[in-house]
């Protein structure tokens, strides 16, 4: 029976689900599984499965619906799905709600590109209504694509009920939050220098920009400011020459060392003393002093010709923020172009100039600089200073500089009026709430604490279009009206609101509201909100906070959230801020985080640099299960180096599981097997694998409960290696034997139970392969009534773990490994039988162990007998020599005396010392004390023996190959080649064959001597020795196997013909 047909026939599962018979075509297999899930409506059944049970709450940080998924998105989505599938199989009721972030700069910038719009003016000319519609079309397109891609990953969510941050429900929830902030007195409007993107035409908040610094090189001038009434100049340094026309003061550190320098031209300059080794290395130090002596010096205005500059004096002030790490130690202070400078200016009541408009162009009043972009003004300023003899020199200076997180252009600091939420009162409340959260890894919680400690007031306004309309209505009477909901907006609206199709610009801009103070109409401010307000509101906008508080309380706070580490200052922060403000507690109990996905060279992935890897490309190459195992294997505390060439590194457990499944189903079909729960007498091998399985089940449950994803993949690989390389291999003869049917049934039942448990155990992290295994097993057990493995219960420990049995098999396999290493070291293939293996141990339990497992050792190592020896002296002896490189410096000439003493040691004493597991000190005549790393040990073995020692066990392999053993080895090789030929022809296990052979008489005699063995192993019912001319060497079905006798090599030819084919002929 074909594998696909077998799996399809009984339960009417679509046959195409299992048409892929080869894991190399894993991708096609997964597509068929997806179709199977869709036909059975698995998503809906998972939603219904646990309704009314205890709840497990997950909040999804919204994914920006703006582009196709990259491989970096799939890391977190894998974690989310693993946890939710696990909790579903545990019986927890869940919402499975996915989220999409659908408004804000990230959407606007991409829409601008698609519409070929280059500025805010062009957007307004295009029309805000059309721009809003284009934005909605984009997020609809990409939310559908991302949904499809997430399903391809295997992520199960309630996709029909995803939330979108641009909806009126979400906006209304944010309006409520903002009104509460206003009622608490936290909301205010202020003019401050803000990070400003001249391309996007808006300010940005600090939490958006915290991770957007890039290394750049700027041309940085050293400028001479002439001091009034003195014969020297102040040497000022800046990385932003365009800000110099807005200079208001110079700052120095009171305690740093400064000096007066004389230039080669005889001019005097004051600067940091440290410049004597760099910029001023050709100058002479005339005088040294502390910065404090410079306080209140007045200097000439470097740009007196600019009409916008006020006629005020310019002075030197003291400031502890000045450092000697960069520049000249003299900071030029421009209050309108930097936040710290602005704060400094308030302290000293300095005037403020704001030279740039929102497009980054110089305003009127700045002479030849006016109308030019600040990037051009950089050079214009330097040229002007050079003409005035105020420019000493410039340097190309590399430093980290902020860029727009969305469009990637360099930012400027610009004095603008924005809306803020004060953080003074909420900070300690958020710090207290954060302590109730379990952060994984813990350092993410420390990062969050650091952010809260240093966060400034939240700038919530953006001068843009497709975003949350701020519900602020400033009346002419001076009163600020803050609308707290969509309903309040309609209730207080002036005039008809029927044309307000949604809470966005331009529709809300057309509506005034009645002022609650004076009763007159009030206009809305034009700004929209920070996009992180949109994301942070989801616990309130999506869980019926405003309509069913009892229901909301059942799901809040979330038991689990998961996002990448940078969300500490973004979604984690915004959600925490809003939750603490509205409810006084954290919105989540456990936060799981992870780092970035870079390319294989650990370089950040970007579309612009061409090294970005799209999710669809990766999943169609690797398969989703392999990708998921890749993410689970990654240490979440370090960046992932994504490499498209490492498939086999992560797909190994899938290959192993697939091969074990095929092995089982082939046997089960041959035996017409039907599962029975009746107890059977199990072998030691069965007990061992069930014990290991129980241990693995316990481990995996603990790891999933504690979100220890990295250990999962290691645990899966280890058990699959044990299952495949020990249990299945050791069970092959049991399963094909005809002489012990009860043992065969026990082996089949054990393998069935293991595979069924694995299909459920692995389901959260390899959902596709787990489904294939489960559906395959349903053919043999009528009691497996769940339609999908994902509707099953998650496995729990059955208390079958046996630590004694585990230790025994570990020791046995260790001896097997030692024997195989000896074979490899001596060039002896495993199919070549050998006479015997000798085993010695200082552990008296070895004899009992070997009496229990001698058959395993014989078969695994292909030796005729295994003997335990009490005395190794006939087979080997040890010589010890001091390590001169270690002991020479310590003992000097006495090292030679030590070597003589070592030669006198008896073999008994040497062996007793070497086989002490924990290691001890060797005492020689009370003169020397040696540890094992201070001597070289050389092992001398008897002829025809090879030796290996590990711990307290020594094994010796007899390596002599007699003529009889050599013949037997050839026969085993012959059987292997025939089996390979059967596999190449895709023969069933029970297909009978005829062998047509060409072999010299001597070799033919060898084959006939072992005919019974060959025929049984290969399902042969006849063979014929033919002349070599019968064989066409170009025929791929003609195989060769070599018979070697000393220097003599003979090529044996054969071909396999099935009995059915012969009958047809």
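Numbering (this note's numbering), first residue to last: 21 to 1085.
Beta carbons: idealized from backbone N, C-alpha and C, even for Gly.
Query: Close-in-space but distant-in-sequence residues of the same chain around residue 30 (CB under 6 Å, 5 per side omitted); Result: For residue 30, the predicted structure reports a pLDDT of 32, less than 50, and the residue's modelled location is therefore unreliable. A value from the coordinates is still provided. The answer, listed in chain order, is 799.
Query: Nonlocal neighbours in the same chain, by C-beta distance under 8 Å from residue 90, ignoring five residues either side; Result: 617, 625, 632, 633, 634 and 635
Query: CB contact flag (residue 866, residue 711, <8 Å); Result: no
Query: Residue 38 (DSSP reduced to helix, strand or coil); Result: Low per-residue confidence applies at residue 38: pLDDT is 42, beneath 50, and the placement is therefore not dependable, though the value from the model is reported in the following sentence. Correct three-state label for residue 38: helix.
Query: Residue nearest to residue 543 in terms of C-alpha spacing, selected from 503, 145, 653 and 157; Result: 503
Query: Reduced DSSP category for residue 902 - H, G, I as helix; E, B as strand; rest coil; Result: strand
Query: Uninterrupted alpha helix (DSSP H) stretches inside the segment 94-142 (no shorter than 4 residues); Result: 125-135
Query: Option nearest residue 100 by Cα separation, candidates 546, 583 and 164; Result: 583
Query: Contact the segment 908-915 vs the segment 880-892: 3+ CB pairs below 8 Å; Result: no
Query: In DSSP terms, what residue 967 is bridged to; Result: 976
Query: Run of the alpha helix (DSSP H) containing residue 407, from where it starts to where it stops; Result: 394-407
Query: Sub-8 Å separation of residue 744 and residue 704 beta-carbons; Result: no
Query: 8 Å Cβ cutoff met for residue 1009 and residue 690; Result: yes
Query: Segment contact flag, the segment 859-873 with the segment 751-760, C-beta cutoff 8 Å, min 3 pairs; Result: no
Query: Residues sharing a beta bridge with residue 269, DSSP; Result: 353
Query: Spatial distance of residue 43 from residue 678 (CA atoms); Result: Confidence at residue 43 is low in this model, with a pLDDT of 48, below 50, so its placement is unreliable and no value can be given for it.
Query: Neighbourhood of residue 426 by C-beta distance below 6 Å, restricted to the same chain and skipping five residues each side; Result: 125, 126 and 129
Query: Alpha carbon of residue 199 to alpha carbon of residue 521, nearest angstrom; Result: 23 Å
Query: Proximity of residue 241 and residue 414 at Cβ, strictly below 8 Å; Result: yes
Query: Touching by the beta-carbon criterion (3+ pairs, under 8 Å), the segment 426-440 and the segment 355-364; Result: yes
Query: Status (buried if at least 16 other CB within 10 Å, exposed otherwise) for residue 237; Result: exposed
Query: Given residue 483 as reference, the closest of 573, 140, 957 and 245 once Cα atoms are compared; Result: 140
Query: Residue 417 in three-state terms, based on DSSP; Result: strand
Query: Residue 197 and residue 319 closer than 8 Å at C-beta; Result: no
Query: Residue of 580, 156, 211 and 342 minimising C-alpha distance to residue 275; Result: 342
Query: Which of helix, strand or coil DSSP assigns to residue 213; Result: strand
Query: Validate contact between the segment 766-773 and the segment 693-703 using beta carbons, cut 8 Å, 3 pairs; Result: yes
Query: Straight-line Cα distance separating residue 781 from residue 41; Result: Bear in mind that a pLDDT of 42 at residue 41, under 50, signals an unreliable position, so the number given afterwards is only what the model happens to contain. Their backbone Cα atoms lie some 23 Å apart in a straight line.
Query: Residue span of the beta strand (DSSP E) that contains residue 5, given as start and end; Result: The structure shown does not extend to residue 5, since the chain is modelled only from 21 to 1085, so the question has no answer here.
Query: Rounded straight-line distance, which links the Cα of residue 83 to that of residue 158; Result: 14 Å
Query: Alpha carbon of residue 929 to alpha carbon of residue 740, nearest angstrom; Result: 43 Å
Query: Nearest residue (CA-CA) to residue 210, options 442, 764 and 734; Result: 442
Query: Three-way DSSP call (helix, strand, coil) for residue 573 in this model; Result: helix
Query: Collapsed DSSP secondary structure at residue 1148 in the structure displayed; Result: As shown, the chain starts at 21 and ends at 1085. That puts residue 1148 outside it, with no answer to give.
Query: From 948, 875 and 953, residue whose alpha carbon lies closest to that of residue 906; Result: 953
Query: Straight-line gap, residue 524 to residue 481 (C-alpha atoms, nearest Å); Result: 15 Å
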